[in-house]
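Number of protein chains: 2
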Amino acid sequence: MIAIQDTYPFDVAHCFGCGALNEHGHQIKTVLDGMLTVTEFTPLPYHIAVPGFMYGGLIASLIDCHSTGSAAIYKMVADGKEIGSEEAPRFVTAHLEVDFRKPTPLGPVRLVGTLIEIKGRKVVVDTDFSAGESVTATGSAVLVEMPESMVGEGPTSAR
Amino acid sequence: MIAIQDTYPFDVAHCFGCGALNEHGHQIKTVLDGMLTVTEFTPLPYHIAVPGFMYGGLIASLIDCHSTGSAAIYKMVADGKEIGSEEAPRFVTAHLEVDFRKPTPLGPVRLVGTLIEIKGRKVVVDTDFSAGESVTATGSAVLVEMPESMVGEGPTSAR
Chain L
135 MIAIQDTYPF DVAHCFGCGA LNEHGHQIKT VLDGMLTVTE FTPLPYHIAV PGFMYGGLIA
195 SLIDCHSTGS AAIYKMVADG KEIGSEEAPR FVTAHLEVDF RKPTPLGPVR LVGTLIEIKG
255 RKVVVDTDFS AGESVTATGS AVLVEMPESM VGEGPTSAR
Chain W
135 MIAIQDTYPF DVAHCFGCGA LNEHGHQIKT VLDGMLTVTE FTPLPYHIAV PGFMYGGLIA
195 SLIDCHSTGS AAIYKMVADG KEIGSEEAPR FVTAHLEVDF RKPTPLGPVR LVGTLIEIKG
255 RKVVVDTDFS AGESVTATGS AVLVEMPESM VGEGPTSAR
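Protein sequence lines, in the order shown, are assigned to chains L and W.
Each residue of the first sequence is one higher than the one before, counting from 135 in the working numbering.
Each residue of the second sequence is one higher than the one before, counting from 135 in the working numbering.
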């Protein structure tokens, strides 16, 4: 199973959350499973809100990057393309919502995405965020294909 | 000006985003300015989405922790207490929304919070997230006072 993030073009593969080329980052990997998208992640010991529980900002971050990856997957599926057959399209988040339903114990988590809508350059993805058998957070994200202005030349980029 | 995070009780001051005791974390500091709350933050070079632009997950994380700090500030103000006069109440996020309005250049950012509602254990805070003169993202968060079940004994805590 090929993770979508491993097929991002090299010049847009530096995201702290999901870029395979960001050596300091989380490097999450998202795969297609039937019509769902799946990301698994294990936090570090210091990724805490209070001792024993995962930091909410990380939960939001994981849902965010899982959603951009899911959007790329669903766009390829909608276009009849196999994951890994070519470089993936890159999406950015326009709107993110997270409901923190119960505290998330610090440990491995699993994100499962569902396609809600795909229309032109816009994709909507919902996410169930689970620790063990328990869904501790849910997310909804609106993703759009990355504008050309973000690629290659950042405003403060040294490139 | 005393940052609210420097007045959190020691047993709940480990948050990766805002805990003064998390040596690996962001350790953000939020202060009251009139009736607004203000957090300033400078990202690290690898906190990127693509080269030159800040990672959206960090934007969401900063808004999240800025909002929990703001909720503690507004609760103390509502209770007629001066910031720093006693340990601050600790809030957790129930619901977080972020609108990413334009790409955020990598560099210093400023978050300004506004109290929308305070009622019992619940506080609603809106945030303007700016890079330079430009508001690049806006956030809205619903915070609630931390439940006793999260304090002292995490389900996987080694304490």
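All C-beta atoms in this analysis are idealised placements derived from N, C-alpha and C, irrespective of residue type, glycine included.
| Query | Result |
| --- | --- |
| Give, in chain order, every residue of the region 204-215 of chain W whose Cβ lies closer than 8 Å to some Cβ of chain L. | none |
| Using a beta-carbon distance below 9 Å, is residue 247 of chain W in contact with chain L? | no |
| Go through its chain and collect everything with a Cβ distance to residue 234 of chain W's Cβ below 8 Å, but skip five positions before and after it. | 190, 193, 270 and 271 |
| Note down, in chain order, each residue of its chain lying with its Cβ closer than 6 Å to the Cβ of residue 291 of chain W, except the 5 sequence neighbours on either side. | Note that residue 291 of chain W scores a pLDDT of 37, beneath 50, so its modelled location is shaky; the value from the coordinates is reported in the next line. Same-chain partners within the cutoff: there are none. |
| Counting Cβ pairs closer than 8 Å, one from the region 155-171 of chain W and one from the region 207-222 of chain W, do we hit at least three? | yes |
| If I'm right that residue 284 of chain W touches residue 237 of chain L with Cβ under 8 Å, what's the distance once you round it to whole angstroms? | 5 Å |
| Applying the 10 Å Cβ sphere with the 16-neighbour rule, what's the burial state of residue 200 of chain L? | buried |
| Closer than 9 Å by beta-carbon distance: list the chain L residues that pair up with residue 93 of chain W, in chain order. | Residue 93 of chain W cannot be examined here, being either before or after the span of chain W that is shown, 135 to 293. |
| Name the chain L residues whose beta carbon is nearer than 8 Å to that of residue 143 of chain W? | Within chain L, no residue comes near residue 143 of chain W; the closest Cβ sits about 10 Å away, beyond 8 Å. |
| Counting only beta-carbon atoms, is residue 224 of chain W nearer than 9 Å to chain L? | yes |
| Does the Cβ of residue 249 of chain L have 16 or more other Cβ atoms within 10 Å, making it buried, or fewer, making it exposed? | buried |
| With 8 Å as the C-beta to C-beta threshold (strictly closer), list the residues of the region 182-200 of chain L near chain W in chain order. | 182, 183, 184, 185, 186, 187, 189, 190, 191, 192, 194, 195, 196, 198 and 199 |
| Give the interface partners of residue 242 of chain W over in chain L, defined as CB-CB distance under 8 Å, in chain order. | Correct list: empty, because the minimum Cβ distance to chain L is about 11 Å. |
| Considering Cα atoms alone, identify which of L:147, L:164 and L:279 is closest to residue 223 of chain L. | L:279 |
| From the DSSP output, in three-state form, read off residue 205 of chain L for me. | helix |
| In terms of alpha-carbon separation, which member of W:255, W:263 and W:221 lies closest to residue 138 of chain W? | W:221 |
| Is residue 146 of chain W close to chain L, meaning its C-beta is less than 9 Å from at least one C-beta of that chain? | yes |
| Identify, in the order they occur along the chain, each residue of the same chain with its Cβ nearer than 8 Å to the Cβ of residue 155 of chain L, setting aside the five sequence neighbours on each side. | 144, 147 and 148 |
| For a test of the three-state rule: what should DSSP assign to residue 144 of chain L, helix, strand or coil? | helix |
| So, using beta-carbon positions, are residue 198 of chain W and residue 151 of chain W closer together than 9 Å? | yes |
| Taking only the alpha-carbon atoms, compute the straight-line gap between residue 293 of chain W and residue 140 of chain L and give it to the nearest angstrom. | Its pLDDT being 32, under 50, residue 293 of chain W is placed unreliably by the model, and nothing is read from it. |
| Would you kindly report the start and end of the unbroken beta strand (DSSP E) that includes residue 261 of chain W? | 256-265 |
| From the beta carbon of residue 219 of chain W, is the nearest beta carbon of chain B less than 9 Å away? | Of the chains in the structure shown, none is chain B; the protein chains are L and W. |
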